[in-house]
Every structure is written in C-alpha cells, then in structure tokens.
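Here the structure comes first, spelled out in structure tokens, and everything after it is commentary.
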Amino acid sequence: MPKTDKIFLDARELEHPIPLERAIAAIRELGEGNYFYMIHRKNPIPLIELAKEQGLEVLNREDEHGTWHILIARDTSLDLEALCDV
Amino acid sequence: MFNQNGLSLDQAPPISVVFRFFLSGSLFGLLAGVLVLLFGTEIFNADTPQALILTHTLTLGAMLSFMFGALFQMLPVIAGVKLTAPTKKAALVQYPFVLGVVLLLSAFETGKAPLFISASVLLGGTILGIAAVMLKNLLALPNHSNSSRGMTVALVSLTLLTLLALYMTGTLSGLWSGAGYSEVKTAHYSFGLFGWIALLIISISFQVIEMFYVTPAYPNFISKSLPMRLFGLLLLGSIGAFFFAQSWFFVDIAIVIFLLCYALMTLRRLSQRKRPIADATVWLWRTGMVLLTLSASATLTTRFYPVASLQAINYIFFAGFALSIVFAMFYKIVPFLTWFHLNAQGYFTAPMMHEVIHPKTAMKHLYIHLATLAAFLVSIYYAPAIYLAGSLLILSFGWMLWQIIHAWELYIHTQKTGEKFEMSMPEAEG
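Chains as they are written, first to last, in our numbering: chain A, 13 to 98; chain B, 1165 to 1594.
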C-alpha cells in the first residue's frame, strides 16, 4: 500500500486570516498520496468552497467539542472518511 | 471570514461592490475635514446649521457608506444571507444616495424646500429600499445567530430613523405643519446614534471579536438580549416623550448602562486574546471601546450636570468610537477581499494580505486617528486647534482613500499580469 502523507495544521488558536492563508498555501502543494488536515474552531466555508471549485476532494466534520476537522486532497483515490479522526 | 451557515463564492459580493461604497465614504470623510476647516468651532454648537451639516456629512455620507459596503460584504459571510445581483443593487443605491446626501447638505445650508424634497426622495428611496432588501433576506433565514438577529434590529432602526428624518424634511420643506417636531428630532438622532450605529457595531462584534481575535464568546446576557433591550428602550423613549417630558432622561440612563456593560465586556474579551501581539485593528477596537465608555460616562454626567463643553466632548467621543470601529473593519475587509477574490480566481501571484495593506500602514492610520481626536478635544478649549483637527481628518480619510486605490490597482494588476495556478489533479497521461 502506498504511503499517505498528512500535512497538518492546528488553526484553533490562530487569528484571522492566518488559517486561511496557511491552508491555501498548503493545498497548493498537494500532490498524489498526500492530503491536508486542518483542525479549526470554525467551519471555514470559503476555504471549502474554494477547494471544491478547484476540483479537490473535501471532507469537513465537527467533533463533540465543537472543533472542525477539514480534510482536503488532490488525490481522488484517498478515502478521507477513513483518514478523518472524527 | 468564516460562517457556519454556508457561503458560496458565487454569493460573495464582487470586490467592486464593497470598494465603491468605501470610496464614496472616504470622499465624504474628506469633505467633512474640509467643512471643519470652513466652519471652525461652530461645529460644537448643536443648534447651528454648521453642526447639522458636519454631523450628516460624517454619519450619513461617510459612516453609512462604509456601513453599506461592510453590510454587502458581511451579510453573506456572518449571517449567511444571499443577496442576489449585488452589483446591480449597489449601483442602484449608490449614485442616488450620494446625490441625495449632497442635496441634503445643500438644503441644510440654504433652507430651500425643493432641495429638501429632492434629497428626501433620493435618500428615502435608497436607504429604505436597501434596508428592505436586507431585512427581507435576514427575516427569511431559518436560523439566526446573535449577530444576524442584532443586524436585523439595527436595520429596523435604520428604517425608523429614516422615516423620522423624512417627517422632518417634509416639515422643513413646508409639506406639513410638523406637530411634535422636537420629539421626532430626539427620536431620530437617538435611533441614529444608538439604534443604528451602536447596535450595528455591537451586533457585528458578537461574531467578529471571537472569530477574528480568538477570544471567548460574549456572555449570553449580552449577546442574546442587548440588541432587543436597546431597541425596546429607544421605542419607549420615543413614544414616551409625547406623554412624559422626562421620558428620555430615564431611557438614556438605561441605554448608557447597557453600553457601558458592552464596552467593558469587549475590552475584557480583547484582553483575553491568546496572541500577545496586537495589530492596528485590535488597537482600533480598544480605542473605540474606551471612547464608547467615555461617551457613555459623559452622557450620564451631562444628564445631572449639563455642561456645554462636556456635551461637545461627548460628540467627539461618540464619533471617535464609531470611526474607530469603521477603520478597524476597513483594515480587515480590504486586504481580505483583495486577496480572497484573487485566490478564488486562481492567481498564483496574488499578493498576500499584508502586501495589500501593510500592518505598519494601518498602524500609522491609528496614530493619525488618535492625533485627530486629540486635536478636536484641544480645540474645545483652544479654538485655533480646530484647523489642525480638520487637516488631520482630511489626512485620515485621505489615508483610507489611498489604501482603496492601492488595493484596487494591485487587484487589477494581478488580473492583468498574474499567473494562474491549477489546484486539481492533472489529467493522467495515456
């Protein structure tokens, strides 16, 4: 099974607009076999919409503490459901 | 700019919609500075036409323009409202609105009935029209946040204060006798200052302070009930004034206590930020809240000890509060919109937000703003300082105008010369 790399960003304590800037910089670097995983205090709809419009795979889910888990990948073969911690 | 209710890029307003209102707001701000130079310290006497003209240049021309621009941007983002055809709506509102403000200012100067009537038609039509569109969309929301609920109440206040203004301009142009003019006038500026300006800022802050600055949320007793309590008090004062002469005395005291609680709580929340460094927008929020606290305290004091100079100081405190928050939001919205729209269009060479407006540039504006406020305060006791205050006000709004033009030029330059990136997977080679 090919190795899957996770690009992780904990944005819970980062002030606007740093999470969005870092997330967009990270997803530009995405390639085959890796994915972006961000945890955030809010659901970053603009980032999700932007990624979807660019044809990327996106999964966003809120955990029981109200923290949002956002997974974005270029590689459509990746199972984001399985990679999500929630 | 995050929202849990949902925002599509298709729904985000085009950058020109917001920038055009900010541009006209800056130009009216420049005009306000010029008027201060022309009128001198006459502006501190509320009964003079000069005070009336300057107040409406700042509140109607400058602040309402900025607030309309911010609402076009913030309603989809923090309330999840979908405004259809925003470019068309903005254009339909802006041109007649700007003309209406100019006609109203001319009417205050000359007292001519045709000017009052034409200003009323243009301003009444545009302000009531856009408020109705925004209210219709807000009321259709299935779920309300404390912010969207507060914005709804603020827009109802804007509608009421506009209707009261139309009654007054109708009286001034001789269309009717103007029974109860004095009570209507008090209700008009009370709804304007507290029901519209303060309430809109309060409502937006419920989401913005926590979201932008990573603070704990406001306590429920403030965020859930403050907008309706303020609105209820304003209604009580306005209606009560027709039956009980002292109605505003008690209502003002209650409003002031609520505003003090809010301002002190916001300062407390800003002190609970996790990030130790404060940028210009944080300092502008702090400045605004300190000035609101001072304004509320001055209002309370003048109710018991009416001192003319304290009343003038209070005007400066309140205007300073509102402008501080307008500036804080401006320095968040302009870089974000420029950067975000270019990224959404896929420009690899899009400037970063700090390249659109450098944090040091915003900080310099904070110093200009503080110097402006200080010069206005000094001019109450030393009249020649008013010319410094007017010049600094021109510099302050000129600074904003320069930022808008700079951001727009960067935006257009990137669109013309920028490289686009492709984030999706390339086609597999056969």
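Cβ atoms here follow ideal geometry from the backbone N, Cα and C, with glycine treated the same way.
Computed from a prediction, not measured in an experiment: that's the story for all the values here.
In the DSSP assignment, what residue or residues form a beta bridge with residue i?
i          : result
ILE84(A)   : PHE48(A), VAL70(A)
LEU21(A)   : MET50(A)
LYS1584(B) : TYR1511(B)
Does any CB atom of chain A fall closer than 8 Å to the CB of residue i?
i          : result
GLN1168(B) : Any reading at GLN1168(B) is ruled out, since the residue's pLDDT is 38, under 50, leaving its predicted position unreliable.
VAL1542(B) : no
LEU1171(B) : Residue placement at LEU1171(B) is poorly supported in this model, since its pLDDT is 38, which falls under 50; the coordinates still yield a value, given next. Yes, because at least one Cβ of chain A sits closer than 8 Å to the Cβ of LEU1171(B).
ALA1592(B) : The pLDDT assigned to ALA1592(B) is 39, lower than 50, so where the model puts this residue is not dependable, and the model offers no usable value.
PHE1192(B) : no
THR1578(B) : no
PHE1370(B) : no
MET1517(B) : yes
MET1165(B) : Because MET1165(B) carries a pLDDT of 41, less than 50, the predicted location of this residue cannot be relied on, and the following value inherits that uncertainty. Yes, MET1165(B) lies at the interface with chain A (some Cβ there is under 8 Å from its Cβ).
PRO1177(B) : no
ARG1439(B) : yes
TYR1377(B) : yes
ALA1553(B) : no
ASN1310(B) : no
MET1589(B) : Caution applies to MET1589(B), whose pLDDT of 48 falls short of 50 and renders its modelled position unreliable; the value that the coordinates give is listed next. Answer yes: the Cβ-Cβ gap between MET1589(B) and chain A drops below 8 Å somewhere.
ALA1234(B) : no
ALA1508(B) : yes
PHE1494(B) : no
PHE1491(B) : no
PHE1500(B) : yes
PHE1407(B) : no
PHE1504(B) : yes
Within the 8 Å Cβ cut-off, does residue i reach chain B?
i        : result
ILE82(A) : no
TYR49(A) : no
LYS54(A) : yes
ALA36(A) : Per the sequence presented here, residue 36(A) reads as Ile, with Ala not at that position. Taking Cβ atoms only, chain B reaches closer than 8 Å to ILE36(A), which makes this a yes.
ARG76(A) : Per the sequence shown, residue 76(A) should be read as Glu rather than Arg. Output row for GLU76(A): interface = no.
LEU92(A) : no
LEU62(A) : yes
ILE19(A) : no
THR79(A) : no
Please name the residue in the options whose C-alpha comes closest to that of residue i.
i          : options                                        : result
THR88(A)   : ASP22(A), ASN46(A), HIS28(A)                   : ASN46(A)
ASP166(A)  : TRP80(A), LEU90(A), ALA94(A), LEU92(A)         : The requested residue 166(A) is not part of the displayed model; chain A covers only 13 to 98.
ALA1395(B) : LYS1253(B), ALA1343(B), TRP1503(B), GLY1356(B) : Note that residue 1395(B) corresponds to Phe in the displayed sequence, not to Ala. It is GLY1356(B).
ALA1351(B) : PHE1385(B), VAL1372(B), GLY1404(B)             : GLY1404(B)
ALA1243(B) : SER1367(B), ALA1535(B), GLY1288(B), GLY1197(B) : SER1367(B)
MET1205(B) : LEU1424(B), LEU1487(B), GLU1374(B), TYR1479(B) : A small correction: the amino acid at residue 1205(B) is Thr; Met does not occupy that position in the sequence shown. The residue with the shortest Cα to Cα distance from THR1205(B) is TYR1479(B).
ALA1552(B) : GLN1567(B), HIS1533(B), HIS1570(B), ILE1569(B) : In the sequence as presented, Ala is not what sits at residue 1552(B); that position holds Leu. Among GLN1567(B), HIS1533(B), HIS1570(B), ILE1569(B), the Cα nearest to that of LEU1552(B) is on HIS1533(B).
ALA1472(B) : SER1188(B), LEU1202(B), PHE1186(B), ALA1210(B) : ALA1210(B)
ALA1362(B) : ILE1550(B), PHE1408(B), LEU1455(B)             : LEU1455(B)
TYR1426(B) : TRP1447(B), THR1323(B), ARG1393(B)             : ARG1393(B)
PHE1370(B) : SER1402(B), TRP1360(B), LYS1388(B), ALA1538(B) : LYS1388(B)
LEU1224(B) : LEU1390(B), ASN1384(B), THR1326(B)             : THR1326(B)
PHE1512(B) : ILE82(A), LEU32(A), ALA37(A), LEU26(A)         : ALA37(A)
LEU1402(B) : PHE1261(B), GLU1374(B), VAL1348(B)             : It should be pointed out that residue 1402(B) corresponds to Ser in this sequence rather than to Leu. Residue VAL1348(B) is the option with its Cα nearest to SER1402(B).
SER1555(B) : SER1543(B), GLY1314(B), ALA1571(B), THR1536(B) : THR1536(B)
MET1527(B) : LEU1541(B), SER1560(B), ILE1544(B), THR1502(B) : SER1560(B)
THR1219(B) : ILE1417(B), PHE1186(B), HIS1529(B), ALA1476(B) : ALA1476(B)
SER1229(B) : PHE1491(B), ALA1514(B), ALA1547(B), TYR1546(B) : PHE1491(B)
ARG3(A)    : GLU93(A), GLU27(A), LEU95(A), LEU92(A)         : Residue numbering for chain A in the displayed model covers 13 to 98; residue 3(A) lies beyond these limits and cannot be assessed.
THR1525(B) : GLU1374(B), HIS1570(B), LEU1423(B)             : HIS1570(B)
ALA1409(B) : LEU1263(B), SER1543(B), SER1346(B)             : SER1346(B)
Within the 8 Å Cβ cut-off, does residue i reach chain E?
i          : result
VAL1182(B) : Given the protein chain composition of this structure (A and B), no chain E is represented.
Those runs of the beta strand (DSSP E) which lie wholly inside the region 1438 to 1521 of chain B and span at least 3 residues: Segments of the beta strand (DSSP E) lying fully in the region 1438 to 1521 of chain B: there are none.
Every unbroken alpha helix (DSSP H) within the region 1377 to 1407 of chain B, with a cutoff of 4 residues, ordered by chain: Within the region 1377 to 1407 of chain B, the complete alpha helix (DSSP H) runs of at least 4 residues are 1384 to 1387, 1390 to 1404.
Could you check whether the region 1498 to 1510 of chain B touches the region 1561 to 1581 of chain B, counting it as contact only if at least three pairs of C-beta atoms, one from each stretch, sit closer than 8 Å? Two segments are said to touch when three or more pairs of C-beta atoms, one from each, lie closer than 8 Å; by this definition the region 1498 to 1510 of chain B touches the region 1561 to 1581 of chain B.
Could you tell me whether the region 1190 to 1200 of chain B touches the region 1248 to 1256 of chain B, using the rule of 3 or more Cβ pairs below 8 Å? The region 1190 to 1200 of chain B vs the region 1248 to 1256 of chain B: no contact.
Quick check on the DSSP output: what are the complete alpha helix (DSSP H) runs of length 4 or more inside the region 1514 to 1562 of chain B, in order along the chain? If we require 4 residues or more, the alpha helix (DSSP H) runs fully inside the region 1514 to 1562 of chain B come out as 1517 to 1520, 1523 to 1545.
Give a yes or no on contact between the region 1257 to 1268 of chain B and the region 1510 to 1528 of chain B, applying the rule of three or more CB pairs nearer than 8 Å. With the cut-off at 8 Å, the region 1257 to 1268 of chain B and the region 1510 to 1528 of chain B do not touch.
Inside the region 1307 to 1368 of chain B only - alpha helix (DSSP H) runs reaching at least 4 residues: The qualifying runs are 1310 to 1336, 1345 to 1354.
Meets three-Cβ-pair contact criterion under 8 Å: the region 1221 to 1240 of chain B and the region 1488 to 1504 of chain B: Yes, since at least three Cβ pairs between the region 1221 to 1240 of chain B and the region 1488 to 1504 of chain B fall closer than 8 Å, the two stretches touch.
Write down every uninterrupted run of the alpha helix (DSSP H) in the region 1222 to 1282 of chain B whose length is 4 residues or greater and which is fully enclosed by it, in chain order. Taking only runs of at least 4 residues, the alpha helix (DSSP H) segments lying wholly in the region 1222 to 1282 of chain B are 1228 to 1238, 1250 to 1274.
Counting Cβ pairs, one atom from each stretch, are 3 or more of them under 8 Å apart for the region 1417 to 1432 of chain B and the region 1372 to 1386 of chain B? Three or more beta-carbon pairs separated by less than 8 Å link the region 1417 to 1432 of chain B to the region 1372 to 1386 of chain B, which places the two stretches in contact.
The region 1287 to 1295 of chain B contacting the region 1310 to 1318 of chain B, beta-carbon criterion three pairs below 8 Å: No: the two stretches stay apart, fewer than three of their Cβ pairs being nearer than 8 Å.
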